[in-house]
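Chains as they are written, first to last, in this note's numbering: chain A, 34 to 493; chain B, 9 to 131; chain C, 3 to 745; chain D, 7 to 151.
Glycine residues also receive a C-beta, built at the ideal position from the N, C-alpha and C atoms.
In this text, all values refer to a predicted model and were calculated from it rather than measured experimentally.
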Amino acid sequence: MTLVLPLAIPWFAAVALAALDGRRPAVGWAAVASLAAALVATAALAIRVWTEGPVETVTGGWPVGVGITLRADALSVLFSLLTLAVLVVCLAHEVLSGIESRLFPALVAFMTVGLTGLFLTGDIFSFYVFFEIAMVSAYVITGYGGRPRQISAAFVFAVVNLLGSFVFLIAIAATYHVTGSLEMGQVAERIADVEPSTVILIAVTVFVAFGVKLGLFPFHFWLPVVYASVRPAVAAILSGALANIGTYGVLRFGADVFPRELEFSASALVVLGVITILYGAMQAMSRRTAPEVIAYSSIGQVGYVLIALAIGGPIGYAAAVLYAILNSLNKVLLFLASGLRGWLVGAAFFVGVISVAGIPPAAGFFGKLEVFRAAIEDASVTLVALLFLGGALSVVYLLQIYQHVYWRPGGVAAGGEASPVVLRALTFAVALVVLALGLWPEPLLAASRAAAEVLVGGPE
Amino acid sequence: MILLLSAVVAVLFGAGAFLVLKTDLLRVVVGMVLISHAANLTLMASGLTRGKAPIYPLPNGEVSDPLVQAMTLTALVIGFGVTALLLGIAYRVYETHFAVDFDRLAEEEARREAELEQEEVSV
Amino acid sequence: MSLPARVSAALAALAFVLTLAGWWSGSPGIDLPWAPSLGLRLSFELDGLGVLYSLLATGIGFAVVLYSGAYVPLHLEHQQRPHRDEVRFFGLLLLFMVSMVGLATARDLILLFVFWDLTAIASYFLIGYDRQEAEARTAALMALVVTGVTAVLLLIGTLVLYAEYGTFSIPELVASVEPGGTVTLAATLMALAGLAKCAQVPFHFWLPRAMAAPSPVSAYLHAAAMVAAGVFLLGRIYPFLETSELLLDGLVVVGFASMFVGGIVALTRDRLKQLLAYSTVSQYGYVVVLYGLGDTVGVVGASFYVIAHALAKSALFLTAGAVAEATGERRLSELGGLRRAMPALALGSGLAAAGLAALPLTIGFFKDELFFQAGVERSPGIAVLTILGAALTFAYIGRFWIGVFLGPTRAPAHRVSALLTGPVVALGGLVLVGGLLPEPFVALANAAAEASLGAAASVDVFYHLDARAENLMALSAYAIGAAALAAPRVWRAAAETCARLGERLGPERVYVATIRSLNETSDRIHGIEVRDLRTRIAAILVPGGLLVLLGLLATPTAGAYTVGSLDRGDTALVLVLATAALAAIATTLPRQHLTLLLVAASVGFSLAVVYAFLGGPDVALVAVLVETTLTLLFIGVFALMPRASLRRLAALRTPPTRRWRDPLVGAAAALAAFLVVWGALSRPSVGESVAEEHVRLTPDAHAKDVVTAILTDFRGLDTLGEITVVAIAFFGIATLLRRGRLS
Amino acid sequence: MTSLLTQVVVRLLLAPTIVIAAAVLAKGYSSVGDGFSAGVIAALGVIAVYLVLGAEQADRLLPVRLAPVGAIAGLLITLVVTFSSVVRGEPLLTHAPPPGADVIHLGTLELITAVAFDVGVFLLVFGAVVGILRTVALARSEAGS
């Protein structure tokens, strides 16, 4: 029951919402309430997982492998919680600023179904199905504002990600062929007996699929246009909720399903990660609008996750999880703030800025801390130096854009009418959460550590 | 047979990729259809057994792997849904830009960026 | 005074009193768990070093707040800004104060780092307080970039220690470190962060820029907060520093370099605050040298020096601010003779200047005495350098005070609030008190040194009326300094050349050039990305293919591929597959969209037949249905678009540059797909397929068709997902085409 | 435009199409076909009417306005079947009757919840496919006006 509710609530809600006119505030709030209910259900599930260990069920009560396994472990509940929280905030933000399309709330609810489902499933094909539910909703949500640039962005986004999806599908077929199973546990067990030369190709294919989703260099080019041209709340949804597919995917498949291949390709991943960090930073450096800087920055930030993942082990995985989560929070905050004007907005944006730059007391500091710790435990001087360089670049470009937008007379945020107070309050609340997590990081640290234990195959 | 199926998958994928590179958005959509065919064929080909249709009463001899069939079915339907949506988006691109070619869109993007870069980065 | 100013003053005073009380009563401090996962503790303690810097932060802070109460409203008025901006000023100042106290008392390196960066943030906003001015923005950015980036070195150093000793607790680390590479590395990194913060060469350039801040901010920043934090850190990590002689010697070198660079440039500056800023660089150079010389005298001297400098320097900055408010002038060359109009200010700042110049009867005399003593103990060469440094100080500070207050009146002064002069006089008074009654100050310095050294320190200072080395050195410093003051022509040209050389080749140049070239490079590579990448799907296919190839090369492939068997019964299947492949190739040819569509549909229909041959009638049926529906949908969309558009589109020619590229990329993608699929299909499964279970269990699901049983029962969740996708596609198309209307 | 004959034939064909769809749906459990194919077949019948008679006439002739309702109802039915077992304390998507139990037959139709599941799939697919094509058709007439 606890396992099924987080999935059932948004699914029923989505269907119900599809029948209603989402432009009406009441419907919008109903959607927010249903997502909040799903959040509560997920929290209940998370507490159970943290205290009692993983929760598992197989559809129809069939033996494992025959039915679809749904499994909640510390990693999946953490990502579910984060994603739902992000979606609740973003949807509330959009409701407050006025929804323009009838079906927007329903589509967000459908995306929630997809995301929750893919976090909670323990079956690789079912993962694909949920992944498509989330992605298809995302394609529509991207184009929802209806401005020409948004529509062409939606098209590029859809084509590129579909390409990724089909590549992923091929990888699933290949995995099934060599293991005879779709259940992640069985697959992981059996794949250890398959010739490495075959598995590495499958693993690379999976990586390419998630790389596209993550906007990893060199698969990133679709991302800035999309993030910079959609509405702020939509950008926040895409970067804060949807992009978690990519990080969760590389973590789950990399560390859980293909651990041998992950270890084998660690140095290649580090190289890619470093290039991603530097490339993202260099692109972000002189961009003139906040959304563009944030978009490129989010490309760069994924590099840190990748590097932490490649370093591996309890510390590396914990760092990767923590960084991924903080990154998603930061992006939500920055995108939401970037669309607003008026008192306190600059402060909220600044909190996001220092959080991305890893400056305390914002929560992002602990992400940087963990990544550095992982790199130092790995005793890699070059890597530490490169991470340092990436961090330094991020300080420069983030502060540049902050000053460019909020300090300069004639900066975008200097003029114009102030946004509604409620919107600013909501965004500021997100900023406070980022600060609070920086001041009291223990819950996040403990949760990411528990998630990392799942990945290293610790206490099950 | 393994080689042949792989080769056909490759041809489908390659032809799809070629079309996806075109500047004409409608061709891009057709290219995506071909790539989805490649994925579906891979799914079907990844069956561990080949034989008659797996319907009770079971025929003599081997039956074909039902699981890959179920997966292919699901993938087909999903492919249908996303292709339909992609077509819809392509049409919207036409409606909003009065053009369905990537080159035109790229030009617009470059122009926009150039305008932005008129401004000095001063902090 | 406005309400925020009053509140801030009260809080600062309260904090000062509490710190004193805590010191006297020997408060046990706070120790609470913070993040047990990392072993972090919220651990604070008022040890000597903590008391010293807390007292400075709150005490000088109190004076600065009082002064600001009068200064900030005037400042805002000049800038035509609303009065409510005052709240931000005092809020930030309090934040600054809190972070300094936190920094000074933190017993956990991560906690320390948090406060370290907090001081940087507070100073960032205060330096950029006049954000409408480009100068202030640049200065704020520079300050935060230099100190914020180097701060990461402190973090890395901390983590290096953690990796070795498994704790962030400073007392535990102090107890367990042993001299060695790890500690030296960590200490070096941390020291670099400290040196950048206290504006030592070559990181010094941010500090003179930071003069864009309002004067009270400068006073606070230099005397008791941001910059002082740098030397505080050296005192805090002294136990790690002293494990390496080389590192300590490095500090001596950096310290002297800063002392002379700062001193010489200060001699040439015309703007008051610039002069004082370079003086700070030079003064903290003394402190760094003292830590580098080490031993009890050095460490006590360093702590004592910080106190003396804080009192004097804050008074001088406040003087600069008051002078600017009274006369509207900020340049030495435009000022003079203010002793007549502002006698109290002249007295207060005269005492402060005397303190800095180390004249007897001021606290400054003892700071230099300890400095000389430490120098003499090391070597004659060092001793000579110490004299030269002191002489420089005497000269530039003399130039400052004489230039402002003596000589003919150049700029007339109007009356200013007593709050602008009061704090200066009070601080000047303290400089005098310290010269007459040095005991409490020395006790404070001893306590602070005890915290750094881990052993009791009991250095005492008296006036010795004899010809000991320190006294002689002081005299010679005065003499050289006075001579320099008297004959500026001798050194002016040389000093100006030095200063100009520094501007031309100095680190600030490097910083500015780096930032500029970063931005230019960014524009350039962004241009490439926008022009050639943004809408290019090839950008995914090519690297994807390359990665696959890389994976292939990385592993042995011998025997990985099998051709598989073909038997006679497969002829029909082979034919249909060939048809599908040919049709797929044919899709690359047609110009007309309708033809293209029909060829593409024939691919789909051939594949449906393939599925039927592979034993999947269900799949074949659905494939046919899907293909039909899609074709209809395509036709529907084509019908929506004007013929002319389609015709124009069909007539589009591939540009010659891409005529070769597209087929090549397509072929590469095909190759990658081929390798992956063939590689996987060549491998037999390592385990039994779960599908056999499905076949076995189908009767249990009351079904006959295994595929349908899987779809509706075993894996019904997939089906639910699949139809959800179809539903979303419908809703999506409705959203895109009809603003979400469904009927 | 289209000849009278086609118009008549299309109308006549609609009924058998629906019957075939129903048969595919009902027999899905024992032979080829399932709710999805049934839905698409039925939808194709409607689409044929659309193509021949045009959107306006078809709208008048058939209750296609209800397509979205069908789609939503179908999804809802499937969801209810999927999650109702959870309320009974069983894993989700546990069909009734359980393995080994007797199944009530109604002619050739077996009364099991899996059939309800398939009916939901049918309704959704039918509604969605008709809905998609109708949206495209309506977008055209709206763009024209």
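Endpoints, alpha helix (DSSP H) assigned at Thr82 of chain B: 74-105
Ala653 of chain C, buried or exposed, once every other Cβ within 10 Å from all chains shown has been counted against 16: exposed
Taking the alpha-carbon of Ala288 of chain A as reference, which of A:Ser330, A:Tyr161, A:Ile340, A:Gly313 has the nearest alpha-carbon? Residue A:Ile340 holds the alpha-carbon nearest to the alpha-carbon of Ala288 of chain A among A:Ser330, A:Tyr161, A:Ile340, A:Gly313.
Starting from Ser27 of chain C and walking both ways along the alpha helix (DSSP H), at which residues does that stretch end? 5-27
Consider the Cβ of Trp440 of chain A: report whether some Cβ of chain C lies at a distance smaller than 7 Å. Interface annotation, Trp440 of chain A: in contact with chain C, CB-CB separation under 7 Å.
Does any C-beta atom of chain D lie closer than 7 Å to the C-beta of Asp720 of chain C? no
Are the C-beta of Ala92 of chain B and some C-beta of chain D separated by less than 7 Å? yes
Can you check whether the CB of Phe250 of chain A is closer than 7 Å to the CB of Met322 of chain A? A quick correction: the sequence has Thr, not Met, at residue 322 of chain A. The criterion of a C-beta distance shorter than 7 Å is not satisfied by Thr322 of chain A and Phe250 of chain A.
Should Gln77 of chain B go down as buried or exposed, given a rule of 16 or more other Cβ atoms within 10 Å for buried? buried
Exposure label - Pro265 of chain A; buried when at least 16 CB within 10 Å: buried
Counting pairs of beta carbons, one from the stretch 264-274 of chain C and one from the stretch 298-315 of chain C, are three or more of them closer than 8 Å? no
Proximity test, Cβ basis, 7 Å: Glu47 of chain C and chain A: no
Once you ignore the five residues that flank Val258 of chain A on each side, which residues in its own chain have a CB closer than 6 Å to its CB? Ala186
N-terminal and C-terminal residue of the beta strand (DSSP E) that Phe746 of chain C is part of: Chain C is shown only over 3 to 745; residue 746 of chain C falls outside these bounds and no answer can be derived.
Is there a C-beta anywhere in chain B that falls below 7 Å from the one on Tyr177 of chain A? no
Counting beta carbon pairs with one atom in the stretch 189-199 of chain A and one in the stretch 166-179 of chain A, are three or more of them shorter than 8 Å? The way I'd put it, the stretch 166-179 of chain A does touch the stretch 189-199 of chain A; three or more beta-carbon pairs between them come closer than 8 Å.
Strictly below 9 Å CB to CB, what residues from chain D border Val28 of chain B? Going along chain D, no residue has its Cβ under 9 Å from Val28 of chain B, so there is no contact; the nearest lies around 23 Å.
By the criterion of Cβ-Cβ separation under 7 Å, what are the contact partners of His101 of chain D in chain A? Under the 7 Å cutoff, chain A gives Gly93.
Distance, Cα to Cα, Val427 of chain C vs Leu353 of chain C? 8 Å
I'd like to know whether the C-beta of Phe132 of chain D is nearer than 7 Å to at least one C-beta of chain C. Taking 7 Å as the threshold, the shortest C-beta distance from Phe132 of chain D to chain C does not fall below it.
Short check: CB of Gly483 of chain C to CB of Ala397 of chain C, under 7 Å? Going by C-beta atoms, Gly483 of chain C is nearer than 7 Å to Ala397 of chain C.
Contact set for Leu247 of chain A: own chain, Cβ-Cβ below 6 Å, skip 5 residues either direction: The answer, listed in chain order, is Gly279, Val335.
Whose C-beta lies closer than 8 Å to the C-beta of Ala141 of chain C among residues of the same chain, with five residues either side of it excluded? Ile129, Gly130, Trp208, Arg211, Ala212, Met213, Ala214, Ala215
On the DSSP bridge list, what partners appear for Gly100 of chain A? A:Val97
Member of C:Ala317, C:Leu719, C:Tyr167 whose CA lies at the smallest distance from the CA of Val146 of chain A: C:Leu719
Express the C-alpha separation of Val467 of chain A and Asn363 of chain A in angstroms, rounding to a whole number. 8 Å
Beta-carbon contacts of Val87 of chain D that lie in its chain and below 6 Å, excluding the five residues immediately before and after: Thr119, Ala122, Phe123
Given that a residue counts as buried once 16 or more other Cβ atoms are within 10 Å of its Cβ, and exposed if not, what is Asn68 of chain B? By the 10 Å Cβ count, Asn68 of chain B comes out exposed.
Quick check on Trp662 of chain C: does DSSP put it in helix, strand or coil? In this structure, DSSP gives Trp662 of chain C a state outside helix and strand, which the three-state scheme calls coil.
Would you call Arg457 of chain A buried or exposed, if buried means 16 or more other Cβ atoms sit within 10 Å of its Cβ? buried
Please check the pair Val136 of chain B and Val101 of chain B, which I expect to be a contact at CB under 8 Å, by giving their CB distance rounded to whole angstroms. The requested residue 136 of chain B does not occur in the structure, where chain B is confined to residues 9 to 131.
Out of A:Tyr312, A:Val386, A:Pro453, which one is the CA nearest neighbour of Arg374 of chain A? A:Pro453
Could you give the distance in angstroms between the alpha-carbon of Leu81 of chain D and the alpha-carbon of Arg86 of chain C? 57 Å
Is Phe368 of chain C buried or exposed, if buried means 16 or more other CB atoms sit within 10 Å of its CB? buried
Specify the secondary structure class of Pro492 of chain A as computed by DSSP and reduced to three states. Here Pro492 of chain A scores only 38 on pLDDT, less than 50, and its place in the model is too uncertain to base an answer on.
In chain D, which residues lie with their C-beta within 9 Å of the C-beta of Arg740 of chain C? Correct list: Thr141, Leu144, Ala145, Glu148.
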